[in-house]
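Q:
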Amino acid sequence: MPNSVVEAAKTKKRYGIAFSLFFLYLVAYVDRSNITILLADKPFTDALGITGDFAAQGLLMTFFLLPYGLANFITGAISDKLGARVILIFSCISWAVIMVLMGFTSVFILMLVFRAILGFAESPLTPTTDRLIMRWFPSSERNFANAIWLVGLTLAPVITLPLLGQMTASLGWRANFFVFGIIGLIIPIVLIYRYVYDKPSDHPSISKWELQHIGEGLEVKNNVQAENKPSVWKRHDYWFLVAGNCLGNGFIWGLIAWLPTYLTKELHISFVKSSFLSALPWICSVILMLTVSPLADRLKNRNWILIAALTIASALMYVVTLFQNSTLIITLLSFATGVVYIGAFVGHSALQRVANSWNIATAGGVFNGMGYIWAAIVPLVIGYLVDATGSFASGFLFLVGTGLLGAIAYIPVYLQELKDNKQVISEDLNHVI
C-alpha cells in the first residue's frame, strides 16, 4: 500500500472531540461567569439593588454553583445511560435560553432563580467530558486532551473579560446575556452534531488504525483487566481525589468570583481596566497548561503534581495578602491561577485512571458535583469575611488554608499511584520470567 494511503488511513477523529469540548467550555464559562464582571458594574448592581452588599453579590455565584454541583450527581448517571450527544445538545439549548431570559430581568430574586437553572443546565458538561476523554483517548494522551478543554475554560476569560467590560460600558449589562445566549444556541450544537460520538466505534469515518491506537492505550490493555479493577466507590484514593478537587475548585472559584471586584474596590482600578487585568491570570493558565500537559503525559508517576500545584498556589496567595502593589499582586495571582489549573488537568486524568469504564460519568458527576458544592460556599464565605473585616485579605487567607488542606488530601492519591505502578512493573517482570 502506498505511504500516502497509509497516512490517510491514520485519522485523528479524537481531536475533533477534544476541540469541540474546547469550544463548549469556552461558551459555558462565559455564560456562568459573566456575572463576575457585572458585579463590578454599578448600573448592574443598582438595577438589582445589591450595590455595596457583598454577601448578596456572593449569592449570585452560590446560586449557580450549588445547583450545578448537586445536579452533577444526577446528570453524570444520566450521561452514562443516554450518551454524550443527547445530553450535551439538551444542555446547550437549555443554558442558551436561560441566558436570554436573564437579560430581561432586573429582579434580584428572579436573577437568583435563573442562575440556579443555569447551573442545572450546564451540569452535564464535565461528567460527559470525563466519559468522552476516557473512551476516546489512550492513557498516554489524556493529560494533553484534558488540557485542551481546560484551556477552553481558561481562554474564555482572556477573550471575553475585556470584551464583556467594553460591551457593558458601551451597550449596557443586558447585552452580555443576549449576545452570548445567541452564540451558545448555535455554534456548540453544530459542533456536537458534527464531531461528538459517544464511543470511537460509533464514528462513521474513523480509521481502523485510530481504533486500534485508542484501544491499545486503554487501561484494560495495560495489565489492568476490567473484571479485576476494583469498583471506584471502594477505592480510598478516589475519595481523597474528590476531597482534593473540592478544595482546589473552591480556591479557583473563590478567586474567579471576586477578582474584578477586588481590583476595583481594594486596588481602586477602573472598571474597564480591571476587566483587562482580570484576564491575565487566565493567560498564564493557558500558557502553563499547554506547556506542562505534554510533559506530564511522559511521566509514569504524575500525581505529585496535584500536591505541588496547591502548595505553590497557596504560598503565592499568602504573599498577595502582604502587599498593596497592584503589579506584584496581579503577577502573583496570575501564577497562582495557572498552577492550580495544572493540577486540574492532572486531577481529571487521575479520575479517568481510577474510574470504571461503565460508570465514568457517574463517578465524574460525584467528583465534579462535590467540587462545585464546596465552590458554591466559598464565594459566599469570602463575601461575609469582606463585609466583616472590610478587607479582602481575610478572604484570601481563607483560600490559603483551603489550598493547603487540598494538597494534604492529594497525598494518599499519589501514594496509591506509586503502589499501582509498582504492581504493574512486578506483573510485567513475572510475565518475562
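357 is the number that this note's numbering gives to position 368 of the sequence shown; each next residue is one higher, with no gaps. Note that CB positions come from ideal geometry on N, CA and C, so glycine has one too.
Using the beta-carbon count (16 or more within 10 Å), is Lys210 buried or exposed?
A: In this prediction, Lys210 scores a pLDDT of 44, lower than 50, which makes its location untrustworthy; the coordinate-derived value is nonetheless stated afterwards. Its Cβ having fewer than 16 others within 10 Å, Lys210 is exposed.
Q: Here's a check: name, in chain order, each residue in its chain whose Cβ is nearer than 6 Å to the Cβ of Leu174, leaving out the five neighbours to either side.
A: Ala85.
Q: Write down the C-beta distance between Val329 and Ala302 rounded to the nearest angstrom, noting that I regard them as a contact closer than 8 Å.
A: At roughly 5 Å, the Cβ-Cβ gap stays under 8 Å, so Val329 and Ala302 are in contact.
Q: Please go through the segment 157 to 225 and give each complete alpha helix (DSSP H) segment of 4 or more residues, from N-terminal end onward.
A: If we require 4 residues or more, the alpha helix (DSSP H) runs fully inside the segment 157 to 225 come out as 163 to 184, 197 to 205.
Q: Going along the chain, which residues of its own chain have a beta-carbon closer than 8 Å to the beta-carbon of Glu216, five neighbours each way excluded?
A: Model confidence at Glu216 stands at a pLDDT of 45, short of 50, so the residue's coordinates are unreliable and nothing is read from them.
Q: Count the other C-beta atoms from every protein chain shown that fall within 10 angstroms of the C-beta of Phe312, then say buried if there are 16 or more, exposed otherwise.
A: That one is exposed.
Q: Skipping 5 residues on each side, what residues in its chain have a beta carbon closer than 7 Å to that of Arg163?
A: For Arg163, where only same-chain residues beyond five positions count, the Cβ hits under 7 Å are Gly92.
Q: In the DSSP assignment, the alpha helix (DSSP H) including Leu28 goes from what residue to what residue?
A: Careful: Leu28 lies outside any alpha helix (DSSP H) and carries neither H nor E.
Q: What are the boundary residues of the alpha helix (DSSP H) that includes Tyr361?
A: 349 to 378 is the span of the alpha helix (DSSP H), which, as asked, contains Tyr361.
Q: Apart from the five residues just before and just after Leu142, which ones in its own chain have a Cβ nearer than 6 Å to its Cβ?
A: Cβ neighbours of Leu142 beyond the five flanking positions: Tyr14, Tyr18.
Q: Please state the DSSP three-state secondary structure of His337.
A: Correct three-state label for His337: helix.
Q: Leaving aside the five residues before and after Ala145 along the sequence, list all residues of the same chain whose C-beta is less than 6 Å from its C-beta, in chain order.
A: So the qualifying residues of the chain are Leu15, Tyr18, Val19.
Q: Quick one: measure Cβ to Cβ for Asp51 and Leu404, integer angstroms, because I've assumed they're closer than 8 Å.
A: Correcting the residue identity first, residue 51 is Thr in this sequence and not Asp. Not confirmed; about 34 Å, so no contact.
Q: For Cys235, I'd like the list of residues in its chain whose CB is within less than 6 Å of its CB, leaving aside the five on either flank, ordered along the chain.
A: Correct list, in chain order: Met359, Gly360, Trp363.
Q: Keeping to the same chain, check which residues put their C-beta closer than 8 Å to that of Phe62; ignore five residues upstream and five downstream.
A: Around Phe62: Gly354, Val355, Gly358.
Q: Measuring from the CB of Pro193, is there a heavy atom of the ligand MG at a distance below 7 Å?
A: Among the ligands in the structure shown, none appear at all, so the ligand MG cannot be discussed.
Q: My output table needs one value for Ser274: the three-state DSSP class, helix, strand or coil.
A: Here Ser274 sits in helix by DSSP.
Q: Tell me which same chain residues have a C-beta within less than 7 Å of the C-beta of Pro219, skipping the five on either side of it?
A: Same-chain partners within the cutoff: there are none.
Q: DSSP three-state label for Asp42, please.
A: Three-state result, Asp42: coil.
Q: Tell me the DSSP secondary structure of Ile258 in three-state form.
A: In the structure shown, Ile258 sits in coil (DSSP, three-state: anything other than H, G, I, E or B).
Q: Would Ala461 pass as a contact of Ala285 if the rule is Cβ separation under 8 Å?
A: Since the first residue shown for the chain is -10 and the last is 422, residue 461 is missing from the structure and cannot be characterised.
Q: Output needed for Lys139: all residues of its chain with C-beta closer than 7 Å, excluding positions within five of it in sequence on either side, in chain order.
A: Residue 139 is actually Leu in this sequence, not Lys. Around Leu139: Met278, Tyr330, Ala333, Phe334.
Q: Gln405 by DSSP, collapsed to three states: which one?
A: DSSP places Gln405 in helix when its eight states are reduced to three.
Q: I need the DSSP call for Asn410, collapsed to helix, strand or coil.
A: Reduced to three states, the DSSP call for Asn410 is helix.
Q: Taking Thr391 as the reference, give the member of Thr253, Trp242, Gly161, Trp271 with the closest Cα.
A: Residue Trp242 is the option with its Cα nearest to Thr391.
Q: Can you find the residues in the same chain that come closer than 7 Å, C-beta to C-beta, to Phe11, ignoring five residues on each side of it along the sequence?
A: Cβ within range, chain order: Ile137, Trp138, Val140, Gly141.
Q: Is DSSP giving Ser95 helix, strand or coil here?
A: Here Ser95 sits in coil by DSSP.
Q: Under 8 Å between the Cβ atoms of Asp191 and His337?
A: The answer is no: Cβ separation not under 8 Å.
Q: Quick check: the Cα distance between Lys254 and Ile39, rounded to an integer number of angstroms?
A: Cα to Cα, Lys254 sits roughly 15 Å from Ile39.
Q: Have a look at Thr300 and Ile122 and give me their C-alpha separation to the nearest angstrom.
A: Answer to the nearest angstrom: the Cα atoms are 27 Å apart.
Q: Short of 6 Å in beta carbon distance, which residues of its chain neighbour Ser274, apart from the five on each side in sequence? Order them along the chain.
A: Excluding positions up to five away in sequence, the list reads Thr143, Thr326, Gly327, Tyr330.
Q: Pick out whichever of Leu393, Ile349, Pro189 has its Cα sitting closest to the Cα of Lys70.
A: If we check each option's Cα against that of Lys70, Ile349 comes out closest.
Q: With respect to the alpha helix (DSSP H) encompassing Ala302, which residues constitute its N-terminal and C-terminal limits?
A: Looking at the DSSP string, the run of the alpha helix (DSSP H) that includes Ala302 is 293 to 309.
Q: Quick check on the burial criterion: 16 or more other C-beta atoms within 10 angstroms. Buried or exposed for Lys262?
A: Label assigned to Lys262: exposed.
Q: Ignore the nearest five residues each way along the sequence and tell me which others in Leu101's own chain have a CB closer than 6 Å to its CB.
A: Excluding positions up to five away in sequence, the list reads Phe52.
Q: From Thr117 to Gly72, what distance separates their C-alpha atoms?
A: So the alpha carbons of these two residues sit roughly 8 Å apart.
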